[in-house]
Amino acid sequence: MGGFTTRLVFSMKLGNVLITGCAGDIAISILRILREVAPLSRIFGSDIHDDHPGQLLYDKCLVLPKASDSDYFRKIAEVVETYAVNVIIPTSESEIYEFDALRCSGSEFAFLFSQQYILMANSKSIEIGKDKLKTARYLQSQGLPFPWSVPVSEGSPREIPCILKKACSQGSKHIYQINHLSDVAFFGEKHQDWIWQELLGPNNQEYTCGLFSSKSGEVRQIVLRRKLVGGLTGSAQVIVDTSISDLLVELAKSLQLSGSINVQLRLTERGPVIFEVNPRFSSTVRFRHLLGFCDVVWSLQDKFGYTIDPYTPPEENTRMYKVAEELLLTN
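Residues in the sequence shown are numbered consecutively from 669, following our numbering.
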C-alpha cells in the first residue's frame, strides 16, 4: 500500500484491531505488517496467558479463555465493546474453527460477524483444511493429486515407509516417519485417532504456498521452497513452477476460496501433491509481505470494499531467512 497519505486513510477506516493468539509468530508477523500499513490503528492482542513479550509490541494485551471455553465469545464481545474494536484477526486454528462455527450459528454472539470485520477464509476452506484426512479425501474427490491416507483405527498403512500424523494439528508438528513394520504396532496402539499418510519425496522438494482469492474470484499465489527449523520455516526461496501454479488455481476455484490460506505440497515424480491445506495466514506471512505478496492487506481491502493493490510476483530464486530477536522486559 503505497503513500503515507493512503496509509493514514486506510488506518482511519481500519480503526482498532484485535489479534488473537497474540504471542504466536503468525500474530506478531501480522502486527508488524499492520504497524506499517495502518499507523493510526490501535492494535490489541489477546492470548490465554501473559508470559510473552506482547506488552512490548501491542498497544494492550489481554488474557482471554481458551477458544473451547463456554465464556470465550462473551469475553471477546466485552473486549470489542470496551476497546471499540472494528477488526478481529484470529490467528490460532482453534480460534478460527470456533469463529467459523459461530458465523453459522444462532448464537447471541453471531452479531460479531455483522458488526465487526473478522479476517479469515471462507467456511468451505476452513472445513476442508482443518482435518488432514478430510483434506486428502476432498482432493481425491475433486480429481486433484492427493497422498493416500488411512486412519490408524482402520488398520495398517498401505506401505512403509510412511508418515504418521495427527489428523488435526497446527504447523508441521506431531509428525513421525515410520520406517519399520515394528513401528506400526508401537505407534499405532498409542495414536488411534491419527492417520497414516503417504511419504512424499524427495525431502528437498517441499513447498509452502500462499494462496489468496478475492470475493470477485481473483486468485494470487506465491510459492516458496522452504527449510524447516523446529517445525517452522527458517528459510525459503521463491520458486516459479507452472505445474504448482496451475494446481493452486484449481484448488482455489474448487474451494470457492475467499481470503487467504496456506498450502503445503511436495513436487514428486507424479507432479505436485498437496498434503496440507492450512486455513489461516502462514507463519511466513511477513516473508511474503516483504516480497510483495501482501495477503493481510489484500484481505482487509477486500473486506472493506477497497480495490485490491496490484501484485507483481517476486523474482525467482529470491531468498529469505528468519532470525530471532531478543526483547527485554524490566519492572
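Each residue gets a CB set at the ideal place from its N, CA and C atoms; glycine is no exception.
In the structure shown, the three-state DSSP call for P940 is strand.
Boundaries cannot be given for K990, as no beta strand (DSSP E) includes it and DSSP labels it neither H nor E. Within the same chain, Cβ atoms closer than 6 angstroms to the Cβ of E874 are found at R934, the five residues on either side in sequence being excluded. DSSP links Y844 through a beta bridge to L832. Beyond the five residues adjoining it in sequence on each side, C877 comes within less than 8 angstroms, by CB distance, of Q889, I890, V891, L892, I912, L916, N930, V931, Q932 and L933 in the same chain, given in chain order.
Less than 7 angstroms divides the Cβ of L724 from the Cβ of L995.
Counting C-beta pairs with one atom in each stretch, the region 842 to 862 and the region 938 to 952 have fewer than three that are closer than 8 angstroms, which means they do not touch.
Within the same chain, and ignoring the five residues on either side of R894 in sequence, the residues whose Cβ sits closer than 6 angstroms to its Cβ are T876, T901 and A904. The secondary-structure analysis by DSSP pairs W864 across a beta bridge with V818 and L832. Across the set V897, A769 and L959, the C-alpha of L959 shows the shortest separation from the C-alpha of T986.
Counting only residues of its own chain and dropping the five nearest sequence neighbours on each side, C772 has a CB closer than 8 angstroms to the CB of S791.
Inclusion of L787 and A778 in the CB contact set at 7 angstroms is not warranted, their separation being larger than that value. No Cβ-Cβ contact shorter than 7 angstroms links G927 with A835. Contact between V965 and V953 does not hold, since the beta-carbon distance rounds to 11 angstroms and is not under 8 angstroms. If you draw a straight line from the Cα of L867 to the Cα of A804, it is about 13 angstroms long.
If you look at Y740, you'll find it in the alpha helix (DSSP H) that goes Y740 to T750. The continuous beta strand (DSSP E) containing L879 extends over residues E874 to S881. Secondary structure note for S697: its alpha helix (DSSP H) is the uninterrupted segment D693 to V705. Contact check for V755 and Q784: beta-carbon distance about 7 angstroms, within the 8 angstroms limit, so the pair qualifies. By alpha-carbon distance to T998, the top candidate from S697, G692, L702 and P721 is P721.
The C-beta separation of V945 from I796 comes to about 6 angstroms, placing the pair in contact by the 8 angstroms criterion. According to DSSP, residue pairing for V753 in a beta bridge involves N684. Taking the Cα of L780 as reference, the smallest distance to any Cα among E761, F741 and S922 is reached at F741. By the Cβ criterion, the region 706 to 719 is in contact with the region 732 to 739, since at least three pairs of Cβ atoms, one from each stretch, lie closer than 8 angstroms.
A straight line joining the alpha-carbon of E993 with that of L686 spans about 23 angstroms. A residue is called buried once 16 or more other Cβ atoms fall within 10 Å of its Cβ, and R956 is buried on that count. Considering only K798, Q845, D909 and E776, the residue with the shortest C-alpha distance to S762 is K798. In summary, K858 is exposed, with fewer than 16 beta-carbon neighbours lying within 10 Å of its beta-carbon over all protein chains present.
For S821, the closest alpha carbon among the candidates L849, A853 and I696 is that of A853. The residues H957 and V964, in chain order, have a CB closer than 6 angstroms to that of I701 in the same chain once the five nearest residues on each side in sequence are set aside. For a cut-off of 8 angstroms, the C-beta gap from M680 to L699 is around 19 angstroms, too long to register as a contact. Apart from sequence neighbours up to five positions away, the residues of its chain that approach G869 with a beta-carbon distance below 8 angstroms are R934 and T936, ordered along the chain.
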